[in-house]
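Enquirer: Residue numbers (full-length UniProt numbering): 1 to 285. C-beta atoms are modelled at their ideal positions from N, C-alpha and C, and glycine is treated no differently. Because the structure is a prediction, the values reported are computed rather than measured.
1. Under a three-way DSSP split, which group does residue 60 fall into?
2. In terms of residue numbering, what span does the alpha helix (DSSP H) encompassing residue 218 cover?
3. Run through DSSP, which three-state label would residue 25 get?
4. Suppose the cutoff is 6 Å on Cβ atoms and the five residues either side in sequence are ignored; what does the same chain contact list for residue 82 look like?
5. Candidates 270, 230, 225: which alpha carbon is nearest residue 249's?
6. Restricting to runs no shorter than 3 residues, where is the beta strand (DSSP E) found entirely within the segment 69-114?
7. Report the three-state DSSP secondary structure of residue 9 (helix, strand or coil).
8. In this structure, does DSSP put residue 152 in helix, strand or coil?
9. Just the Cα atoms here: how many angstroms apart are residue 133 and residue 247?
10. Can you grab the Cα-Cα spacing for the pair residue 189 / residue 167, in whole Å?
11. Could you pull out every residue in the same chain whose Cβ sits closer than 8 Å to the Cβ of residue 111, ignoring the five residues on either side in sequence?
12. From the DSSP output, in three-state form, read off residue 273 for me.
13. From residue 191 to residue 80, what does the alpha carbon distance come to, in whole angstroms?
14. What do you get for residue 153, buried or exposed, if any count of 16 or more other CB atoms within 10 angstroms of its CB means buried?
15. How many whole angstroms separate the CB atoms of residue 49 and residue 222, which I take to be in contact at a CB cut-off of 8 Å?
16. I'd like to know whether the C-beta atoms of residue 27 and residue 115 end up nearer to each other than 8 Å.
17. In or out: residue 165 buried (at least 16 other Cβ within 10 Å) or exposed?
18. CB residue 16 to CB residue 276, shorter than 8 Å?
19. Closest to residue 97 by CA distance: which of 18, 122, 68 is it?
20. Residue range of the alpha helix (DSSP H) that residue 248 falls in?
21. I think residue 234 touches residue 261, with their Cβ atoms under 8 Å apart; what is that distance to the nearest whole Å?
22. What would DSSP say about residue 17, mapped onto helix, strand or coil?
23. For my contact list, residue 197 and residue 187 are in at a C-beta cut-off of 8 Å; report their separation, rounded to the angstrom.
24. Please name the residue, chosen from 89, 36, 109, 171, that lies closest to residue 64 on a Cα-to-Cα basis.
25. Give me the residue from 29, 271, 184 with the minimum Cα distance to residue 103.
26. By Cβ distance, which residues of its chain are closer than 7 Å to residue 20, with the 5 residues on each side in sequence left out?
27. Between the C-alpha atoms of residue 263 and residue 183, what's the straight-line distance to the nearest angstrom?
28. For residue 34, which residues does DSSP report across the bridge?
29. Could you check where the alpha helix (DSSP H) with residue 235 kicks off and where it finishes?
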């Protein structure tokens, strides 16, 4: 495993494992996390354009505190973008397999539409009942990260086959938003798929979990946040990212994270991101 360096503390906080091979399921990315017991304050979760599952199996639970003051423990599902405001992740000695699901396949895997999550963080037990406990037991019994990844991937493959696909037009619109790094006009997308703007808004929102304009803003923010974390100048990031000006970038960052661009640039979450998901620009789709 590789240690994830905490830029705000004095040592590595999480060990990170990556699978040797990509998932057999298109639109799925996996990584393993193990807390090293060096930080209990928690870290700000930076919104990402994927539905996130955390399959917890450690001695102590993964804990997530959302912007409304609610707390979730153990295995979790976070809707696209983590919902409004700041979300913090913490826990001592937790271990978890994190799954990033493209919203195109998230409904099939989860058994509920991403729109039903409404961007919130929910306990996996609330979605899957006893099946969530079963996967936890399997992961705890596994003797290696590769075995845990194999168990997780097999489960995801079974569930994705049993689920339902999104509309072809919706999947295509999501792919275009990703390819354009959020710099797309929704009326142009609607015209390209042959739908009215209203129909695209309705079907996209119902199946992806966000309205198309909000989804495009999230994708644009994701690229901007990683460029800020890489040390790039905020004015250049704003200009290249399609923001009207640096103030526009500032407002979007605050809206997604309740933190300034300078603060977000130093968040350990983004440093971990590049260790756990080195191919993040290629997946999930």
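Expert: Straight from the coordinates:
1. coil
2. 212-229
3. coil
4. 45, 47
5. When each option's Cα is compared against that of residue 249, the closest is 225.
6. 71-73, 76-78, 87-90, 95-101
7. The pLDDT assigned to residue 9 is 39, lower than 50, so where the model puts this residue is not dependable, and the model offers no usable value.
8. helix
9. Going by the C-alpha atoms only, they are around 46 Å apart.
10. 14 Å
11. 127, 128, 159, 163
12. helix
13. 25 Å
14. buried
15. 5 Å
16. no
17. With fewer than 16 neighbouring CB atoms inside 10 Å of its own CB, residue 165 falls in the exposed class.
18. Yes, the Cβ-Cβ distance between residue 16 and residue 276 is below 8 Å.
19. With distances taken between Cα atoms, residue 97 lies closest to 18.
20. In the DSSP assignment, residue 248 falls within the unbroken alpha helix (DSSP H) covering 246-257.
21. 5 Å
22. strand
23. Here residue 197 really is in contact with residue 187; their C-beta atoms are around 5 Å apart, less than 8 Å.
24. 89
25. Checked all of 29, 271, 184; the closest Cα to residue 103 is 29.
26. The answer, listed in chain order, is 146.
27. 24 Å
28. 15, 95
29. Here the alpha helix (DSSP H) through residue 235 covers 234-240.
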